[in-house]
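Once you know that position 116 of the sequence shown is 157 in our numbering, the rest is easy, because the numbers rise by one and skip nothing.
The next block holds one structure in the form of structure tokens; read it before the comments.
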Amino acid sequence: ELRSKKLQRNQMQLQVEHDKQMMSLERRFQKQLQEARSRSEQLLEKLRQSYDAEVDTLKRSQSELRDQNKDLEQKLSLAQQESKLLNRHLHESEEARRSQQRQVEVAQQQSQLLLGALERLGAGKDSDEKELD
């Protein structure tokens, strides 16, 4: 019976030791789990902040690009209007040049006709003077 009590006591001590080890392992596991959760939460927060910063940067870039696009569209519109105006001036200038060219041609024809008439009159006078002589 003494042996049985000793055996029982040894078993109890082993059981207590085993329970202590299990509790120690459980505490260590819980501590590691808590640390892992904490690291995970920190990493997620850093990632969220990084994404938020990137989103803000992209929004600013998008806004700047929209503003640049509006400016360029306005400049394009002004350039198109100026181009139309210059084309109109060019067309008007070409029409004025053609009109002036026609006027010059008419004036040349008139002067040639007048010169021809004067030459005939002058030739007729010379022949009249010769007949009178």
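Here a beta-carbon is modelled for each residue, glycine too, at the ideal position from N, C-alpha and C.
DSSP, read as helix, strand or coil, puts E42 in coil. Here the C-alpha atom of D93 lies approximately 20 Å from the C-alpha atom of L106. Runs of the beta strand (DSSP E) lying entirely within the region 91-159 and spanning at least 3 residues: none are present. Taking the Cα positions, L127 is about 51 Å away from L162. Straight-line measurement puts the Cα of K87 at about 42 Å from the Cα of Q115.
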